[in-house]
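Colleague: For reference, the structure I am asking about is given below.
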Amino acid sequence: MNRYLTPFVREMPPSGIRKFFDLVSTMKDVISLGVGEPDFVTPWTVRESGIYSLEQGQTMYTSNAGLLKLRQELSRYMNNAYGLEYDPEGEILITVGASEAVDLVMRALLGPEDVALIPDPSYVAYGPCAALAGARVRYVPTRAEEDFRLRVKYLEKVYTPRAKLLVLSYPNNPTGAIMTREDLLPIAKFVEEHDLLVLSDEIYADLTYKGVHTAFASLPGMRNRTLHLSGFSKAYAMTGWRVGYIAGHKDFIYGMTKIHQYTILCAPITAQHAAIDALASAEQAKREMVNIYNQRRRLMVKGFREMGLSCFEPLGAFYVFPNIKATKLSSEIFSEELLREERVAVVPGSVFGPSGEGHIRCSYAYSTDQITAALERISHFVQRRL
């Protein structure tokens, strides 16, 4: 029956992250550092709000845009955190996770012959979502020696007059890199000079360990060019609740809402009530989780360096991206052999783009005991190859 699928879908590779996750599920005694999911449980007050909404019989659809109360709280949050002002009644759309938000932006803004500029390495979904919208993709390399920060000199090399959308994702998955305001200002100038729009995926904004996160839309002239994407999965340990959002100019939001209403209709009402509570009462729980992530981050970077691997220090998200070139193995072979020999699951850097080759992604959204045990096993594996 494969012949009935479109050629593009037939040829599209499955997610490299999920490939290893599925493999792990068939093996025993595996320590997985592969999936970017918090090991924390959603804070109790947030869960309680979801339970209470069910007890009150709130099991119906919401408006396509999402609960007004949630949009109002998000409007206040973005204003307080970044100085951004968005009208909750026309410039914010609640989505089923930030993943739906990415898809909506791509489908609403891109068409055949349009080009999306995507930093490399980056989250695995950006390229396929752009291609599913009919667009072409040009990857913009980033370098470990430049802290994996996007630079204008590389944008200029891949730019084409057909380029319409630039994807930004900082703090970055998989590298953990951040971009400061000073780093972002030249990018904003490039965007304005070339009349580009920007998808700024800031799902890890609250997981920043040095300095203050700068929202791209807060830069001069960028507010109406930027679709600001985020959600509750990472910072609030709410991955399974599937609540995200897009904020942007009302014309863009109106277009995306039309796609949303024909395909998704609305995000689950129970999860939206929980998200309202997260914004209202879970700040302390979020700070505590971030502090623990920071401790694990330092442990993991130290561990890789002590075993003889070069490891860029991530300053955001919850991933490290060590360089494994000293082993003379490709990232794919390294990951496969590590899993088979030492029962540790990591993700090959190559699945995140060409610039990811020679690296592996390891999540520290796991307990200290698991991380310590995994590092010991990885060290045994590496020492046999150095």
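Sequential numbering of the sequence shown, starting at 7, is according to our numbering. C-beta atoms are modelled at their ideal positions from N, C-alpha and C, and glycine is treated no differently. Please read all numbers here as calculations on a predicted model, not as lab measurements.
Can you tell me where the alpha helix (DSSP H) holding A137 begins and where it ends?
Modeller: Note, A137: alpha helix (DSSP H), Y132 to L138.
Colleague: For Q278, count neighbouring C-beta atoms within 10 Å of its own C-beta (all shown protein chains included) and say buried if the count is 16 or more, exposed if not.
Modeller: Buried.
Colleague: Quick check on the burial criterion: 16 or more other C-beta atoms within 10 angstroms. Buried or exposed for L39?
Modeller: Under this definition L39 is a buried residue.
Colleague: Looking at the structure shown, is L285 part of a helix, part of a strand, or coil, going by DSSP?
Modeller: Helix.
Colleague: If you follow the alpha helix (DSSP H) that D45 is part of, which residue opens it and which one closes it?
Modeller: Here D45 belongs to no alpha helix (DSSP H), and DSSP marks it neither H nor E.
Colleague: Name the DSSP bridge partner or partners of R142?
Modeller: Paired residues: V121.
Colleague: I'd like to know whether the C-beta atoms of V249 and A221 end up nearer to each other than 8 Å.
Modeller: Their beta carbons are not under 8 Å apart, which means V249 does not touch A221 by this criterion.
Colleague: Mapping the DSSP letters down to three states, classify N179 as helix, strand or coil.
Modeller: Looking at N179 - three-state DSSP - the assignment turns out to be coil, as it is neither helix nor strand.
Colleague: Within its chain, find whatever has a CB closer than 8 Å to the CB of L98; leave out the 5 residues flanking it on each side and keep chain order.
Modeller: At residue 98 the sequence reads Ile, which differs from the Leu that was named. Cβ within range, chain order: A71, G72, R77, L80, S81, Y92, Y251, I252, A253 and I259.
Colleague: On a Cα-Cα basis, can you pick out the residue from V121, A107, R391 and A87 that is closest to T263?
Modeller: Nearest option by C-alpha distance: A107.
Colleague: Roughly how many whole angstroms lie between the Cα atoms of P167 and C135?
Modeller: For P167 and C135, the distance between alpha carbons rounds to 21 Å.
Colleague: Can you give, in chain order, each stretch of the alpha helix (DSSP H) that sits fully within the region 46-96 and has at least 4 residues?
Modeller: The qualifying runs are 50-61 and 74-88.
Colleague: With respect to the beta strand (DSSP E) encompassing I98, which residues constitute its N-terminal and C-terminal limits?
Modeller: Looking at the DSSP string, the run of the beta strand (DSSP E) that includes I98 is I98 to T101.
Colleague: Measure the C-alpha to C-alpha separation of G96 and A114 and round it to an integer number of angstroms.
Modeller: If I take the Cα positions, the gap works out to 16 Å.
Colleague: With three or more beta-carbon pairs closer than 8 Å as the criterion, would you say the region 216-235 touches the region 334-344?
Modeller: Taking 8 Å as the limit for Cβ pairs, the verdict is that the region 334-344 does not touch the region 216-235.
Colleague: Answer yes or no: do E348 and I384 have a C-beta to C-beta separation smaller than 8 Å?
Modeller: The answer is yes: Cβ separation under 8 Å.
Colleague: Please confirm whether R304 and P180 have their CB atoms less than 8 Å apart.
Modeller: Not closer than 8 Å, so no.
Colleague: Alpha carbons only, please: which of S69, S31 and N300 is nearest the one belonging to Y325?
Modeller: With distances taken between Cα atoms, Y325 lies closest to N300.
Colleague: For V204, which three-state DSSP category applies?
Modeller: Three-state result, V204: strand.
Colleague: If you draw a straight line from the C-alpha of D283 to the C-alpha of E289, how long is it?
Modeller: If I take the Cα positions, the gap works out to 10 Å.
Colleague: Quick check on I330: does DSSP put it in helix, strand or coil?
Modeller: In this structure, I330 counts as coil in the three-state DSSP scheme.
Colleague: Could you give the DSSP three-state label for A427: helix, strand or coil?
Modeller: Outside the shown range of the chain, which is 7 to 392, sits residue 427, and nothing can be said about it.
Colleague: With C-beta atoms as the reference, is V146 less than 8 Å away from V164?
Modeller: Against a cut-off of 8 Å, the Cβ pair of V164 and V146 comes out as a contact.
Colleague: Does the region 47-59 come close enough to the region 181-188 that 3 or more CB-CB pairs lie under 8 Å?
Modeller: At 8 Å Cβ cutoff, the stretches do not touch.
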